[in-house]
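Note that this note's numbering has the sequence shown beginning at -13, numbered continuously upward.
Only one structure is covered here, and it is reproduced in the block below.
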Amino acid sequence: SLSKTFNMAGWRVGMVVGNAEIIKTILQVKSNMDSGMFLGIQKGAVEALKLPTNWFEKQNSIYKKRRAAVWQIFDALECTYDKNMVGLFVWAKLPNGEKAEEFTDALLYEKEVFITPGTVFGTNGEGYIRASLCVDSAVLEEVLTRVTPVNS
């Protein structure tokens, strides 16, 4: 996925290889759905695929630091989470049976911090919050400062 691997969210690029008759049918359906892929996205994809492998190491290091910062934020909020989970988001269970929207509203109005309530993803998200690792490290540091109790 270019979206996750190369920070190109929403840039949908794909290819299909196979039987010519099946591909012909796929192309017919595709031509009825859209007018093709924007050339800029194609050029961006080509450049992304040319990047050296050390680019991935740098990206992994950035996301590892951000994940550690999110863990610190969740620790300050007394949430529990699984350090073995992977992806661009970290989910956490709220303390003491707190309601997701009440918890996040309090953070927003009292600390000027927005964290996504799990309920925006459905009823099974009640009691959970989700933080993105796509946020700059400086922003995460500021969030940690705002949510950490003064006497800590």
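The C-beta atom is built at its ideal place from N, Cα and C for all residues, glycine as well.
For R116, the uninterrupted beta strand (DSSP E) run begins and ends at 114 to 118, by DSSP. Put simply, of P103, T105, E33 the residue whose alpha carbon is nearest the alpha carbon of N(-7) is E33.
The shortest CA-to-CA distance from P103 to any of R116, N110, Y95 is the one to R116. For E64 and I101, the gap between their C-alpha atoms comes out near 14 Å.
Collapsing the DSSP output to three states places K36 in coil. An exposed status is given to F24, since fewer than 16 other beta-carbon atoms sit within 10 Å of its beta-carbon.
Of V56, T(-9), P81, the smallest CA-CA separation from E127 is found for V56. Membership of V76 in the beta strand (DSSP E) is indicated by the continuous run 75 to 79. Around the C-beta of L93, 16 or more other C-beta atoms lie within 10 Å, and the residue is accordingly described as buried.
The beta carbons of F75 and L119 sit closer together than 8 Å.
Counting the other CB atoms within 10 Å of its CB gives V129 a total of 16 or more, which places it among the buried residues. For N18, the enclosing alpha helix (DSSP H) covers residues 6 to 19. For R132, the uninterrupted alpha helix (DSSP H) run begins and ends at 123 to 133, by DSSP. In the DSSP assignment, T90 falls within the unbroken alpha helix (DSSP H) covering 86 to 92. The Cβ-Cβ distance between Y114 and A78 falls below 8 Å.
Distance from the Cα of Q45 is smallest, within the candidate group D122, T131, N110, for D122.
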